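Protein chains in written order, with the numbering used here: chain S, 22 to 702; chain C, 22 to 702.
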């Protein structure tokens with residue numbers, strides 16, 4: 022059992038590194054008084070939002086915990102609460118670090134790019150390291166307490182983490198786009214003041230949104246996949262190890278290794294992430310994008326080497342190579358998906374260029390073009406997911422490893438370097454906010470130019486890490502699907518059966534429906550908020566002249582209330598629909614439901630994220646001076662496209678990953694009840 | 022065998038009725054000289070398009086026929102050619118009738134609504150009756166020649182019909198929207214002349230588009246489902262009858278009845294359609310919408326009664342009730358789907374009203390709203406499809422009928438009244454064109470008001486018939502999926518197998534990809550055509566003053582060439598992708614591919630069609646005077662939404678039905694080869 026100790030050790034190292042980086046960021050100078058004021062307002066708004074979100078979340082968690090306690094047991098309920106608590110704490114801590122890093126990176130930009138980069142990056146790394154550290158620590162703790170016989174308790178922990186993810190991703194997503202759209206529509210379009218202008222009552226809400234939606238939400242979303250993928254692989258590993266034990270093919274030690282291997286691989290991923298981060302620093306001339314990528318690649322290589330060593334010495338013999346190759350297949354597929362997806366949203370590639378050009382003939386053609394390229398962009402990741410699934414399956418099978426376990430390990434491999442991925446990803450909104458703060462506090466053109474370069478690097482890093490996230494979510498949820506089958510005790514999900522086809526249809530319907538509900542929520546919230554912003558401009562005397570301050574807090578509060586209210590229906594749908602299908606149509610139909618939801622969840626998630634990215638960059642391309650530049654008709658058309666894309670890429674698209682994970686977890690957690698009480702067996 | 026004779030008799034009656042109605046429409050007065058001129062130009066353009074389309078189609082059909090001849094046999098190749106020839110002839114004939122009816126309905130509108138309605142409706146009925154008649158005649162002829170042992174030959178016939186459908190729907194769809202967008206963007210937006218203004222060089226192309234896209238394309242699309250659903254049910258029926266014969270449970274006569282029952286049900290549907298059309302006439306005061314609906318409902322009731330009688334006297338005993346109830350389940354589900362879908366695109370319902378209201382805050386919010394409601398609108402049809410599948414399955418099973426046969430029969434029931442459905446559907450573009458001709462020939466406000474009422478009735482009829490079409494396509498393609506399994510000899514398509522999941526993912530990717538390619542095709546074509554329309558306005562002297570005529574023919578020709586060129590890639594994709602999956606990943610993976618494509622095909626098809634409908638009606642609602650009416654900012658925003666919706670609802674959305682049918686047919690036709698030569702068994 023000694024090998025297992027590297028897991029909590031990795032968790033602790035990760036948390037310790039996060040604490041050190043938090044200290045490092047806090048120590049930096051937080052700039053002028055005006056900058057500190059803005060930062061304080063952002064912090065206040067973000068804390069207010071999170072406080073309210075966490076109260077609502079607490080009620081939600083309490084209700085679900087009671088249900089789990091009644092239908093299962095006290096331990097399950099406790100693990101659920103523990104899961105949501107751990108991830109909430111980590112993501113709160115990460116967000117505070119990000120807010121600190123915003124203003125400090127902005128201030129460091131006054132000294133130059135080389136000074137600003139580490140502040141922004143390590144600010145993001147606090148989130149990355151603390152969240153994977155606490156997740157791994159939590160899972161290993163539960164494993165120590167309950168042992169391999171009670172993996173369902175860890176499933177409860179994962180379910181708890183997913184509750185936070187759902188709230189943070191969907192709620193934060195509604196919040197951030199409500200604020201963004203209102204700020205832009207009234208400020209830029211109607212009144213004609215620049216973006217991030219402090220006179221705009223919605224500007225603080227917009228900045229808050231970047232932190233609660235992009236930083237906290239994104240971290241919560243990925244950690245959800247991270248934990249779920251680990252426990253799914255453990256469940257599948259145990260099922261396979263049980264068969265091997267049954268036929269006396271392995272020893273008791275090997276048995277345990279097969280169960281905890283997913284944890285071990287995740288632990289090596291943490292070591293690799295911490296080491297890989299050192300590579301972000303070692304650059305001579307300031308190319309922040311290259312520095313970030315170097316960090317990502319270094320992490321992957323270190324991870325591959327470490328994993329090989331760990332598996333080699335774990336004593337599982339011939340199975341080792343199959344498992345290692347499956348891990349590698351997942352890792353490589355993740356990178357390829359990231360790089361190819363980047364093509365469709367890069368500012369210098371045909372999809373974005375053509376979308377920008379289409380703005381010449383108006384908003385409609387711009388929108389049709391961005392929509393279409395977004396849809397076409399699903400091809401490389403879908404092919405990548407298919408290739409990763411087939412490769413890890415056959416590589417595993419070649420060496421006698423259970424192929425389903427191979428796929429699950431592929432997913433583990435893809436997400437193992439998550440510490441680094443989240444760090445690079447969280448860097449993006451920090452750089453974005455640093456730029457915003459530089460503009461609002463009037464730091465001058467040169468400083469803004471530095472923050473611009475920081476910001477641009479964030480976009481590339483984000484594209485690659487997004488690829489990882491999507492690929493990993495897909496593979497991981499396929500592993501969850503297989504884990505569900507193990508838990509519920511079915512060996513086939515046959516599409517020739519009408520209830521399975523019915524399940525597939527209903528499951529496929531849910532993700533698009535959820536995305537539509539989220540977009541409608543943004544629309545109806547923004548509608549109310551626009552009225553409030555207009556009212557403040559109309560009624561507060563001296564606001565336009567910059568003599569008085571707008572009532573930021575009121576707008577922040579409206580965005581908060583609205584987002585949490587609108588969150589209810591999607592959350593209920595994500596939890597109730599799999600249960601309804603399971604209890605009414607049976608366990609095999611629920612398998613079909615999960616498969617259907619995975620497929621459309623991934624397709625809608627990808628196309629919405631990438632269409633949004635294409636419209637966003639097409640607008641930026643025009644703003645850089647092409648097709649008439651800023652203020653031209655083409656620019657106006659592109660702004661419309663970008664606004665359509667906002668809730669696509671920042672609310673609906675990224676929420677779908679979480680939704681499909683939540684639904685798969687609901688199915689797995691409630692599997693024993695469904696197996697017993699379903700209307701149809 | 023005598024019972025089978027009612028099938029060709031029904032086909033002949035249908036064709037005879039179509040000929041009579043063609044004679045009736047032709048006999049009507051075709052109006053003023055100017056009207057005749059316009060009509061001649063439309064006819065010329067449409068014939069030019071169809072001629073070129075049919076030449077391209079002939080080459081395509083010849084190539085595929087040679088392939089079929091080499092890999093299968095001479096008979097298969099011949100049936101394929103025969104299938105494409107029959108449907109091409111029928112849809113050409115129907116389109117000529119529609120063009121004749123356009124101008125004559127417009128002229129009849131000068132006398133009043135009661136005079137115009139029968140002209141427009143019977144003009145559409147020529148398409149409806151000729152196409153179902155010739156289809157049923159063709160299928161029964163092949164059955165007479167080849168007998169129940171060679172149903173694969175009829176599959177070849179169906180495959181041939183689907184080739185036309187693919188060309189007519191996708192090619193016609195690209196054509197019509199290229200012309201529409203160019204005419205609107207240059208004419209209405211840039212130059213500021215009214216819609217349908219004869220000075221616009223693209224106006225004839227636009228009118229032509231209504232006929233080739235909406236009339237000919239739609240007819241071809243539905244007939245494709247009609248034939249494919251029939252042959253799928255026959256194949257499944259035969260497989261079941263074979264088992265029953267094997268265990269001596271039925272006589273040779275019953276055996277034959279079970280195989281030909283789908284044909285018999287379709288025949289009763291034709292009788293019901295011909296009789297139901299008489300009800301369209303019998304109205305006192307002119308409410309054309311109610312008259313059309315009365316016709317549809319009457320057809321359904323007559324069909325139900327006739328089917329009961331036919332099944333009762335067919336001598337299949339106890340199975341009869343199960344089969345009848347399955348038919349009824351399909352019919353009722355089709356109606357419910359139609360009525361509920363109508364809710365999301367009706368001009369007086371919340372989805373459209375809110376989408377119109379969202380235009381107040383700009384095009385972006387209008388687009389987000391229409392998009393979201395379009396996505397939400399998938400819920401009733403998906404639930405309807407699921408209910409129909411489960412109901413027909415269990416009703417059949419209750420009476421000892423093979424449940425898969427039950428689902429197939431449900432699909433047959435849903436589409437049996439297609440003669441009436443197409444007639445009501447083709448009425449829509451005829452009324453639309455009649456209105457256009459009235460405007461272009463300056464018939465005055467009163468006449469235009471009459472044509473407006475004709476047009477509005479067409480929209481309601483279209484919504485209901487569209488519901489039928491979507492539900493039927495879904496159920497029918499599920500039946501094809503089952504038929505594929507029968508042909509290829511698999512009894513399960515297990516989602517727990519990685520190659521099946523891979524197939525599902527790839528299959529699910531194809532319909533969205535196809536829709537994106539079609540939209541991009543419209544975009545790039547419209548881009549070129551806009552330049553040409555602008556050039557004509559710029560270079561032809563006296564055009565704006567109405568002294569000289571624009572070069573209509575050049576624009577028509579450009580639209581034609583462009584549409585056919587862009588058609589190639591989607592067609593190849595639809596044919597090659599199932600073959601690639603089948604030969605590389607095996608027959609079970611291809612089953613997964615089909616299931617995946619059906620699910621996303623239906624979801625994307627529905628949401629695109631209904632989003633487009635919602636935007637269109639939101640614009641019309643504003644034009645009727647709300648939120649500032651025509652020319653207001655809200656109206657401009659709604660026009661952008663409507664333009665985005667054009668290729669959604671008239672190109673990509675409706676093409677997807679055809680695409681998934683074609684892919685399922687490709688799989689079924691090539692099933693024997695795939696079973697033998699696949700890389701993985």
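Idealized CB from N, CA, C, for every residue including glycine.
None of these values were measured; they are calculated from a predicted model.
Determine the burial state of residue i: buried for a count of at least 16 other Cβ atoms within 10 Å of its Cβ, exposed for fewer.
i, result
"residue 553 of chain S", "buried"
"residue 268 of chain S", "exposed"
"residue 50 of chain S", "exposed"
"residue 247 of chain S", "buried"
"residue 668 of chain S", "buried"
"residue 255 of chain S", "buried"
"residue 369 of chain S", "exposed"
"residue 597 of chain S", "exposed"
I'd like the span of the alpha helix (DSSP H) that includes residue i, first residue to last.
i, result
"residue 621 of chain S", "608 to 644"
"residue 448 of chain C", "439 to 461"
"residue 430 of chain C", "424 to 436"
"residue 568 of chain S", "Unbroken run through residue 568 of chain S: none, as it is neither H nor E."
"residue 211 of chain C", "Where residue 211 of chain C is concerned, there is no enclosing alpha helix (DSSP H), given that its DSSP letter is neither H nor E."
"residue 311 of chain C", "309 to 334"
"residue 201 of chain C", "193 to 203"
"residue 228 of chain S", "224 to 230"
"residue 173 of chain C", "172 to 187"
Quick check on DSSP: helix, strand or coil for residue i?
i, result
"residue 245 of chain S", "helix"
"residue 663 of chain C", "helix"
"residue 217 of chain C", "coil"
"residue 363 of chain C", "helix"
"residue 515 of chain C", "strand"
"residue 93 of chain C", "coil"
"residue 385 of chain C", "helix"
"residue 53 of chain C", "coil"
"residue 142 of chain S", "helix"
"residue 39 of chain C", "helix"
"residue 562 of chain S", "coil"
Find the residues of chain S that neighbour residue i, judging by a C-beta separation of less than 7 angstroms, and give them in chain order.
i, result
"residue 705 of chain C", "The question about residue 705 of chain C has no answer here: the residues shown for chain C are numbered 22 through 702."
"residue 665 of chain C", "385, 388, 389"
Residues of chain C with CB closer than 7 angstroms to the CB of residue i, please, in chain order.
i, result
"residue 605 of chain S", "Per Cβ cutoff of 7 angstroms: no residues; residue 605 of chain S is ~10 angstroms from chain C at best."
Mind listing the chain S neighbours of residue i? Cutoff is C-beta to C-beta under 8 angstroms, in chain order.
i, result
"residue 551 of chain C", "382"
"residue 253 of chain C", "Neighbours of residue 253 of chain C on chain S: none; closest Cβ ~14 angstroms, over 8 angstroms."
"residue 92 of chain C", "Ordered by position in chain S, no residue passes the 8 angstroms Cβ test against residue 92 of chain C, which lies about 27 angstroms from the chain."
Which residues in chain S have a C-beta closer than 9 angstroms to the C-beta of residue i? List them in chain order.
i, result
"residue 621 of chain C", "529, 620, 621, 624"
"residue 83 of chain C", "Simply none; closest approach about 31 angstroms."
"residue 661 of chain C", "383, 384, 385, 388, 658, 661"
*With 7 angstroms as the C-beta to C-beta threshold (strictly closer), list the residues of the region 399 to 416 of chain S near chain C in chain order.*
399, 400, 403, 406, 407, 410, 411, 414
*Scan the region 534 to 546 of chain C for residues whose Cβ lies nearer than 8 angstroms to a Cβ of chain S and list them as they occur along the chain.*
534, 536, 537, 538, 540, 541, 543, 544
_Please list, in chain order, the residues of the region 177 to 206 of chain S that have any C-beta partner in chain C closer than 7 angstroms._
206
*With 8 angstroms as the C-beta to C-beta threshold (strictly closer), list the residues of the region 587 to 617 of chain C near chain S in chain order.*
612, 613, 616, 617
*Between the region 488 to 513 of chain S and chain C, which residues of the former have a C-beta closer than 9 angstroms to a C-beta of the latter?*
495, 499, 502, 503, 506, 511, 512, 513
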